[in-house]
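Below is one structure, written out as structure tokens; comments come after it.
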Amino acid sequence: MHTFSDLELDALTEAFNLSLGEAAATFSAIVHEEIELSVPAIEILSRDALTERLTRGRPDSGNDRLCRINQRFNAADGFQTDALLLFPEHGSLEIVRRMLGDDTPVQHITELEQDALAEIGNIIINSCMASLANLFGTEIIGSLPSVQSRSAATLLDDRDADSVILVARISMNMAAHNLSGFVLFIMDVPSITSFMAQIRRLFRLPGHDDPPPAP
Amino acid sequence: MTGFHSLLADCVDIGLILLNREGRICLWNRWIEQRSGLDAVRVAQLPLAEAFGAPIDPRLALVIRETLDFGWSARLSHALHPMPLPLFPPGSKQDERVKQAIDVIPVDVDGVRHCLLQIRDVTETVRREALLKQQARQLRSDLQRLSRAQVELQHSEMRFRELARQAPAGLFEADSHARCTFLNERCEQILGRSLPEVTDTPWLDLLPPGEQLRVRDSWRLAVASATRFAEEFIFIHPNDGSRRRMRAEAGPLRDELGRISGFIGTMVDVTEFHERATLNEFRANHDSLTALLNRDRFDRHLCAAITGAAESGERVAVLFIDLDDFKQINDTHGHQAGDAVLKTIASRLRRTLRNEDRVARYGGDEFAVLLNGAHDRRALDGVITKITRVVALPINLGHCHVRICCSIGLAIYPDHGRDPATLLTHSDKSMYSAKRRHNDPQR
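Taken in order, these protein sequences are the chains called E and X. Quick note, in my numbering, the first sequence goes up one by one and the last residue is 1086. Quick note, in my numbering, the second sequence goes up one by one and the last residue is 444.
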């Protein structure tokens, strides 16, 4: 399992934090309301460890559905990643309806609400990806978002068991509503290797090919 | 764009706008032409805002720039951006924009990044969802009203149950065939049966056979005429076999079509009430010591007898009986002994006379007797002799025997008078004459 050193984690957290601030500003402009996105907590997990994390401590979590907003990204220098944003279905519905100023009690998400949720995910994921692109100084082409609703236990069933997942936990606050979610970057092994190399090079961390800077 | 690509773009039911690296229009399909009123040739190579002749949604402008510069894709949902472009339904008066959702994606055209806008018309979806939400709101409000009604119903049911539980009267509900559907605890006690035991049986079947016919007729009449049912009947309690008198009263219940669906009412055990009423009536008409008729009642009987006799030509006799020296017994043996004497005499008189003859305690130690059909004077004399003898028999006071004689006066309707007062006066006088004879046998 690949891991990040504390220095790498700090660097990534700082980069994500800057771009999430941009995302929050974009939301606030759209809905004319203060929206806060928290400082993300970053870690690397395997698929099964993440599934266990999502279902842990919630015996009924098998029935507690999550909304998954998915975008695929291709970087110019070879690594590919799926970027996923996960929110509890109930909470995300509440936030979307709050943004739309509509408290109608329809139990399931409607087509238009699903579209709005896709746009919210799109803004958050694009902003996170922008920070990576900025860090790496490369171009990362992104697809349109797609929305699915699944139970936490089966959420990542379409991924390989050995997938490595970069997890950024964020939470979104809006007018007394607090919604916690995850931004996931799911990469295959060559991609994560390339990704880690980029990070080390970028922060001139031990293990990268360039000589250390002169004192 | 090649002719083939343009042809293809014109065939799809979605708006397509392709912008080149500089943000200038290089594809404008027929769908857009129809909704913008702008010809593709006219807008070719114009920036978007210039083509529409109006500023476009700022967020759309931003994401177009991000797509062209960084290769990102973006979705502009209708919910957050209802109508970003000035597009109108084909053939309309351009007063209301088409409701839109726009996807913005980077596309590679001959190695150069372009920006493709895909515009969907979601007007119908918006209308459908608005309808859905309106129905959902209606449902929620109906549901809230229903829940409130249900809570109210539960309260009123609870109140009824508690009232029924505490009610001193038996409460019952029965269908039109008199089969019970509800009994409160008191009613179960009165009938000596629980509801499950009588559910399939008309409660009328629980009555003694002699009562069933009458009460059933009355029940049928109430059902047929949708009126109140009220009956008193005898009921034999199954637990102790006691004979009870019941009163049932019930009002009709109607179903949603207004038909009689049953009756709800009360069942009261009126046995004690009746016993008390009978006792009160007895007390009003009888002397409490001897249980003979009292003076009042005797006078009324006498009036009635005179009236009857006047019509039928019958004769009526009144005897006035006074005990001789009764005061002496009281003085010698005490009042209790006096009472015992009076009770014994009353009982002897009752036994001596016929059932249809009336006997009353008329005063302290005075008795009166009314004899109907007194044609035969000899028979009357026989009665007087019998009374004299039976009164004179020794009376056991426990510690001793006493003897007492009586004086009897006689008056006959119509011979001695035609009204009660005259007859009574005559028999009184006649009694005193007899008493004087007793006291002075020489006379």
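Ideal Cβ positions, reconstructed from N, Cα and C, are used throughout, including at glycine.
So which residues on chain E does residue i lean against when the C-beta distance must stay under 8 Å?
i      : result
X:D104 : L1015
X:G72  : E1010, I1011, I1012, G1013
X:R76  : D986, A989, E990, N993, L1015, P1016
Return no unless some Cβ of chain X is closer than 8 Å to the Cβ of residue i.
i       : result
E:A1032 : no
E:L983  : yes
E:E893  : no
E:N993  : yes
E:L971  : yes
E:A989  : yes
E:I1057 : no
E:S932  : Caution applies to E:S932, whose pLDDT of 46 falls short of 50 and renders its modelled position unreliable; the value that the coordinates give is listed next. So, not an interface residue.
E:A1024 : no
E:A1004 : yes
E:D948  : no
E:N997  : yes
Any beta carbon of chain E sitting closer than 8 Å to that of residue i?
i      : result
X:V108 : no
X:A50  : no
X:L81  : yes
X:R22  : no
X:S7   : no
X:E97  : no
X:V123 : yes
X:E130 : yes
X:G4   : no
What does residue i reach in chain E if we use C-beta pairs closer than 9 Å?
i     : result
X:G16 : Neighbours of X:G16 on chain E: none; closest Cβ ~16 Å, over 9 Å.
Would you give the residue range spanned by the beta strand (DSSP E) that residue i belongs to?
i       : result
E:M1045 : 1035 to 1045
X:E367  : 367 to 373
E:G1052 : 1048 to 1058
X:D109  : 101 to 110
X:M247  : 244 to 255
X:G410  : 407 to 414
X:Q95   : X:Q95 -> no beta strand (DSSP E), and no H or E assigned at all.
E:L916  : 912 to 917
E:D953  : 951 to 959
X:V319  : 317 to 324
Should residue i be labelled buried (16 or more other beta-carbon atoms within 10 Å of its own) or exposed?
i       : result
X:R244  : exposed
X:D288  : buried
X:V308  : Inspection of the sequence shows that residue 308 of chain X is occupied by Thr rather than by Val. That one is exposed.
E:N941  : buried
X:Q337  : exposed
X:G72   : buried
E:R1071 : buried
X:R454  : Nothing can be reported for residue 454 of chain X: it is not among the residues displayed for chain X, which extend from 2 to 444.
X:A355  : Checking the sequence shown, residue 355 of chain X turns out to be Arg, not Ala. Per the 10 Å Cβ criterion, exposed.
E:T922  : buried
X:D323  : buried
X:D109  : exposed
X:V105  : buried
X:R160  : exposed
In the DSSP output, which residue or residues are listed as bridge partners for residue i?
i       : result
X:E174  : X:F183, X:I265
E:S1020 : E:C938
X:G16   : X:I120
X:H115  : X:V108
X:E34   : Bridge partners of X:E34: none, in fact.
X:V224  : Bridge partners of X:V224: none, in fact.
Cβ closer than 7 Å: which chain E residues qualify as neighbours of residue i?
i      : result
X:T126 : E982, L983
X:V113 : Ordered by position in chain E, no residue passes the 7 Å Cβ test against X:V113, which lies about 14 Å from the chain.
X:R146 : Chain E residues near X:R146: none, gap ~15 Å exceeds 7 Å.
Can you list the residues of chain X that residue i reaches, using a CB-CB cut of under 8 Å?
i      : result
E:L889 : Neighbours of E:L889 on chain X: none; closest Cβ ~16 Å, over 8 Å.
E:I901 : R60, L81, H82
Could you work out which residues of chain X lie near residue i, taking near to mean beta carbons separated by less than 7 Å?
i      : result
E:D953 : Result: empty, since nearest Cβ-Cβ is about 14 Å, beyond 7 Å.
What is the residue span of the alpha helix (DSSP H) that residue i lies within?
i       : result
E:I980  : Premise fails: E:I980 is in no alpha helix (DSSP H) and is neither H nor E.
E:T1009 : Neither: E:T1009 is in no alpha helix (DSSP H) and is coded neither H nor E.
X:R437  : 421 to 440
X:L350  : 336 to 353
X:R301  : 296 to 313
X:A52   : 49 to 53
Are the C-beta atoms of residue i and some chain C residue less than 8 Å apart?
i      : result
E:N941 : This model lacks chain C altogether; the protein chains it does include are E and X.
Counting only Cβ pairs nearer than 9 Å, list the residues of chain X close to residue i.
i       : result
E:N1049 : Simply none; closest approach about 20 Å.
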